[in-house]
Amino acid sequence: KAGVTQTPRYLIKTRGQQVTLSCSPISGHRSVSWYQQTPGQGLQFLFEYFSETQRNKGNFPGRFSGRQFSNSRSEMNVSTLELGDSALYLCASSTDRPNTGELFFGEGSRLTVL
Amino acid sequence: QQQVKQSPQSLIVQKGGISIINCAYENTAFDYFPWYQQFPGKGPALLIAIRPDVSEKKEGRFTISFNKSAKQFSLHIMDSQPGDSATYFCAASLGGDYKLSFGAGTTVTVRA
Chain U
1 KAGVTQTPRY LIKTRGQQVT LSCSPISGHR SVSWYQQTPG QGLQFLFEYF SETQRNKGNF
61 PGRFSGRQFS NSRSEMNVST LELGDSALYL CASSTDRPNT GELFFGEGSR LTVL
Chain V
1001 QQQVKQSPQS LIVQKGGISI INCAYENTAF DYFPWYQQFP GKGPALLIAI RPDVSEKKEG
1061 RFTISFNKSA KQFSLHIMDS QPGDSATYFC AASLGGDYKL SFGAGTTVTV RA
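Protein chains in written order, with our numbering: chain U, 1 to 114; chain V, 1001 to 1112.
Take a look at the structure:
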């Protein structure tokens, strides 16, 4: 079974630009979560989608948004990039049946904002 | 604010030794406490998890100890091996949702 796939793996943007990151979950997983990982703040929850609906949201500004498609693939978007948005963005998928609580993470998209 | 506090930030242990990582949480509604292991360049992967109805759970060389009254839980890595060198994160969530509150992480280095 293929794991969680995130694209692109690395990208460099400049302040003020926007970025879209993509995540393909494990086949059969309908829940997709996004986390931001930085050396200073650690792993922080961004949002979770299930069946195309945002089910949970973390404490991030509105510049961070996401969506999920009918095939469970998800994208997250960050608009008006700031230097502090430089981070590893991790996508994780999960199964709801049963709800084991386990997150299966991808390898992440490393964003550098210059 | 950090809902889960983790210590130490890093530790070095000799091969065959015991690594101990501690976590404390604030929210008494948390009911799921996983530990994730992350290698450089990889995403975190679930190592072991516990729910508050048990005080200890063991899987191979990894053991979680849970103290509900003290709101603390810890990971013990027995007979540490060089392949255990990684960053370990404790976490907590409530109600079976996937919004995990992670600790800051502990980098474990096992010296051969």
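Every residue gets a Cβ at the ideal spot worked out from N, C-alpha and C, and that includes glycine.
Taking a 10 Å sphere around the C-beta of LEU114 of chain U, we find fewer than 16 other C-beta atoms and assign the residue as exposed. In the structure shown, the three-state DSSP call for LEU103 of chain U is coil. Annotated three-state conformation of ASP96 of chain U is strand, per DSSP. Look at LEU81 of chain U here: in three-state DSSP terms it is coil, with no helix or strand label.
Secondary structure note for TYR1088 of chain V: its beta strand (DSSP E) is the uninterrupted segment 1086-1092. Within the model, the alpha-carbon separation for ALA1091 of chain V versus ILE26 of chain U is close to 22 Å.
In the structure shown, PRO1040 of chain V falls within a coil segment according to DSSP collapsed to helix, strand and coil.
Just so you know, the alpha carbons of VAL78 of chain U and GLN17 of chain U end up roughly 9 Å apart. Note that the C-beta distance between VAL1054 of chain V and ALA1086 of chain V is not below 9 Å. For GLY1016 of chain V, the three-state secondary structure derived from DSSP is coil. Not flagged as an interface residue toward chain U: LEU1011 of chain V, since no C-beta distance is shorter than 9 Å.
GLY1043 of chain V has a beta carbon lying within less than 9 Å of a beta carbon in chain U. With a threshold of 16 other beta carbon atoms within 10 Å, GLN1081 of chain V falls short and is exposed.
Annotated three-state conformation of GLY1083 of chain V is helix, per DSSP.
SER31 of chain U has a beta carbon lying within less than 9 Å of a beta carbon in chain V. Classified as buried, PHE104 of chain U has 16 or more neighbouring CB atoms from the shown chains inside 10 Å of its CB.
Identification of chain U residues near LYS1099 of chain V by a Cβ-Cβ cut-off of 8 Å yields SER33, PHE45, GLU48, ASN56, GLY58, ordered along the chain.
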